[in-house]
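Going by the working numbering, the sequence shown opens with residue 34, and the numbers climb by one from there.
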Amino acid sequence: MGVVNKIVLVIGMYCFAMIAVNAQTTLNLYPLNGTIGVRFFSEKKISLEPRVDFQFDHADGQSNLFINTELFTLINFSREERFNFYTGVGLGANIYNQASSSFSGTLPLGARYYINDSKRIAIIGECGMKVTALDFVKIKSYALIGVQIRFKKS
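Take a look at the structure:
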């Protein structure tokens with residue numbers, strides 16, 4: 034990696050860290066399917082959440098690595114003191130090392146329940162429809178259960 038690339042990477046990581054500390058950021062962990070998300074402006078009406086999940090498959094003597102990335106725009110509605118619903122849209126790319134890559138679109142519907150009064154930890158439940166397309170179109174439903182951890186209470 035060149036010197037310029039390292040400098041750009043360090044500056045990018047610094048900017049990401051500053052945004053994460055100051056922008057009502059939460060870390061969302063979905064352990065059952067290996068997904069990690071970082072949600073920005075989580076207490077606002079509209080928030081952004083980039084997600085990534087890694088899957089490793091070893092069958093018939095071949096190893097495959099799947100990297101699925103998506104950027105979600107989420108809209109919070111029906112907000113109560115410890116509970117709220119959200120919906121939105123997600124667009125992303127799925128990268129496979131042994132097969133063709135594809136693009137995806139997602140329509141999520143989820144709920145969040147805050148465990149404590151400081152709203153630092155929450156349980157997340159989400160379901161929705163996911164469309165994957167490039168050579169062919171595949172539509173499937175999905176469900177996620179996860180934990181949200183807030184970096185800073187604003």
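Where a beta carbon is used, it is the ideal one built from N, C-alpha and C, also for glycine.
Comparing C-alpha positions only, which one of the options sits nearest to residue i?
i: C160; options: T106, G143, I154 and A166; result: G143
i: Y152; options: L107, A126, E114 and Q88; result: According to the sequence as given, residue 152 is Lys; it is not Tyr. When each option's Cα is compared against that of K152, the closest is E114.
i: G125; options: Y147, F105 and S111; result: F105
i: F184; options: S174, A155, Y175 and D168; result: A155
i: N66; options: N101, R145, Y129 and Y146; result: N101
i: Y119; options: T58, Y147, I79 and P64; result: I79
i: I148; options: N127, F116, H91 and F99; result: F116
i: P64; options: G138, D86 and Y146; result: D86
i: L167; options: V180, S134 and R145; result: S134
i: N127; options: G179, E103, F169 and Y146; result: E103
Which value, in whole angstroms, describes the spacing of the CA atoms of residue i and residue j?
i: V43; j: I172; result: 39 Å
i: F136; j: F73; result: 23 Å
i: L177; j: G158; result: 6 Å
i: L107; j: E82; result: 7 Å
i: V164; j: G123; result: 10 Å
i: S75; j: I182; result: 11 Å
i: R112; j: S96; result: 44 Å
i: S174; j: M162; result: 4 Å
i: H91; j: L98; result: 9 Å
i: F110; j: G94; result: 48 Å
i: G138; j: K77; result: 23 Å
i: G121; j: T58; result: 18 Å
i: F89; j: T68; result: 13 Å
i: V71; j: R84; result: 7 Å
i: Y129; j: F169; result: 15 Å
May I ask which residues mark the beginning and end of the beta strand (DSSP E) holding residue i?
i: F148; result: What sits at residue 148 in the sequence shown is Ile, not Phe. It is not in any beta strand (DSSP E) - I148 carries neither H nor E in the DSSP assignment.
i: S174; result: V170 to R183
i: F99; result: Q95 to F110
i: F89; result: I79 to A92
Mind checking whether residue i and residue j have CB atoms under 7 Å apart?
i: G179; j: L62; result: yes
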